[in-house]
Amino acid sequence: MRRSLFLYLLVAALVVTANVNLAAQETRATLLGRVLDATGGVIPGVTLTATNVETNVATLSITNDEGLFRIPFLLPGQYEVKAELTGFKTAVRKGITLNISSEVSLDLVLEVGEMSQSVTVTASEPVLNTSSASVGQVIDNRRVMELPILGNSAMLMSGLAPGMQQGNEGYKYIGLHSTIGASDYQTAGGVGGNEWSMDGTPNTGHARRAAYVPYADAIDEFRVESTIFDARVGHTTGAFITMQSKAGTNQYHGTLTESHWQQRWNA
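Under the numbering used here, the first residue of the sequence shown carries the number 1, and numbering increases by one thereafter.
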């Protein structure tokens, strides 16, 4: 009886721990905000459609009694948001960029008119993350693809984030797919204190180093959080580094990578 109780408690603890870890690794973005009329009053019952421009995947939401909406689990990328309600002109907002693990607030204003009419706003002021105090640096795809990276390891670019510095092991073990060299960038916690995530899955291996180091060509973008952690992360004394791999789009695309290390050229 005592043994059965112990096993039951052990399994329950493992399940709870697993759920906490999975919840902390979310890499998808969230779009939230309000829908107002021309006088500033909130409008309930508005249908919102967030469409990923690169994939045409559309996600729906409806404003509540306070005119608020929340659209979670959006892959990072460029989005277009449309708000529709009978008796109002359709509002369209283009040029919305959602980064990895971001929460972006957006207010939309509907004008009285026919729903077949539309008001489109493009290249407006940048939307801000006002729902979280977390501070992080996003290394976008342009920098991942265009900046020279030794060993084709995008993780080495975590050194571009504020507060990150390289330790003593990086230059000795910075070869192709080296988990030691890639994990050597550190913050106040010191080397080995970082937490790693890949596509929402824990990527922390031995000694809190990265378990898997992907080619830079496979990475869309990643985010480095080294201070003022959100409650979802911050399980270590170092930084939280999460990466998002590239996803399919409406266009055919791909890369071919070849790497050769000539040992005779080593100093």
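Each residue gets a CB set at the ideal place from its N, CA and C atoms; glycine is no exception.
CB-CB length for residue i against residue j, believed under 8 Å
i       : j       : result
Val-92  : Leu-98  : About 17 Å separates the two Cβ atoms, so there is no contact after all.
Glu-111 : Ala-38  : 6 Å
Thr-63  : Pro-44  : 5 Å
Val-144 : Ile-219 : 5 Å
Val-224 : Ser-158 : 5 Å
Thr-122 : Lys-94  : 4 Å
Gly-238 : Gln-186 : 6 Å
Thr-90  : Gly-200 : Their Cβ separation, rounded to whole angstroms, is 33 Å, which puts Thr-90 and Gly-200 out of contact at 8 Å.
Ser-118 : Pro-162 : The pair is not a contact, with the Cβ atoms about 41 Å apart (cut-off 8 Å).
Which of helix, strand or coil DSSP assigns to residue i
i       : result
Ala-24  : For Ala-24, the predicted model reports a pLDDT of 45, less than 50, meaning its position is unreliable and no value from the coordinates is stated.
Glu-195 : strand
Ala-50  : strand
Gln-137 : strand
Glu-268 : The displayed coordinates of the chain run from 1 to 267. Any statement about residue 268 would go beyond what the structure contains.
Asn-19  : Reliability fails at Asn-19, whose pLDDT of 43 lies under 50, so the model's placement of it is uncertain and the value that follows must be treated cautiously. Correct three-state label for Asn-19: helix.
Met-145 : helix
Gly-77  : strand
Asp-217 : helix
Lys-172 : Confidence in Lys-172 is poor, its pLDDT being 49 and thus under 50, which makes the residue's placement unreliable; the coordinate value appears in the next sentence. Three-state DSSP puts Lys-172 in coil, outside helix and strand.
Leu-68  : strand
Gly-151 : helix
Met-157 : helix
Gln-186 : strand
Arg-264 : helix
Glu-258 : coil
Ala-207 : helix
Gln-165 : strand
Leu-85  : coil
Lys-246 : coil
Ser-61  : strand
Pro-202 : strand
Thr-237 : coil
Ala-38  : coil
Gly-102 : The identity of residue 102 in the sequence shown is Ser, whereas the question assumes Gly. It is coil, neither helix nor strand.
With 16 other Cβ atoms within 10 Å as the buried cut-off, status of residue i
i       : result
Val-213 : buried
Thr-86  : exposed
Glu-221 : buried
Met-164 : buried
Leu-156 : buried
Trp-261 : exposed
Lys-172 : Because the pLDDT at Lys-172 is just 49, under 50, the model does not fix this residue reliably, and the value given afterwards should be weighed accordingly. Answer is exposed; the Cβ neighbour count stays below 16.
Arg-142 : exposed
Ser-116 : exposed
Glu-146 : exposed
Thr-257 : exposed
Trp-196 : buried
Thr-204 : buried
Ala-207 : exposed
Ser-101 : buried
Gly-136 : buried
Ser-61  : buried
Among the options, the one whose alpha carbon lies nearest that of residue i
i       : options                              : result
Leu-68  : Met-115, Leu-36 and Ile-139          : Leu-36
Glu-66  : Val-46, Lys-89 and Val-42            : Val-42
Asp-217 : Ala-161, Ser-245, Tyr-252 and Pro-44 : Ser-245
Gln-251 : Lys-82, Arg-28, Thr-122 and Asn-56   : Asn-56
Asp-107 : Leu-32, Glu-146, His-253 and Ala-161 : Leu-32
Tyr-79  : Ala-207, Pro-162 and Glu-54          : Glu-54
Ser-153 : Thr-249, Thr-120 and Met-243         : Met-243
Ile-139 : Pro-148, Gln-263 and Leu-160         : Leu-160
Ile-149 : Ser-226, Tyr-215, Arg-70 and Thr-249 : Tyr-215
Arg-209 : Ile-96, Asn-194 and Ala-83           : Asn-194
- Task: Pair every Cβ in the region 71–80 with every Cβ in the region 48–56, then say whether three or more of these pairs are closer than 8 Å.
- Result: The answer is yes - the region 48–56 touches the region 71–80, with three or more Cβ pairs under 8 Å.
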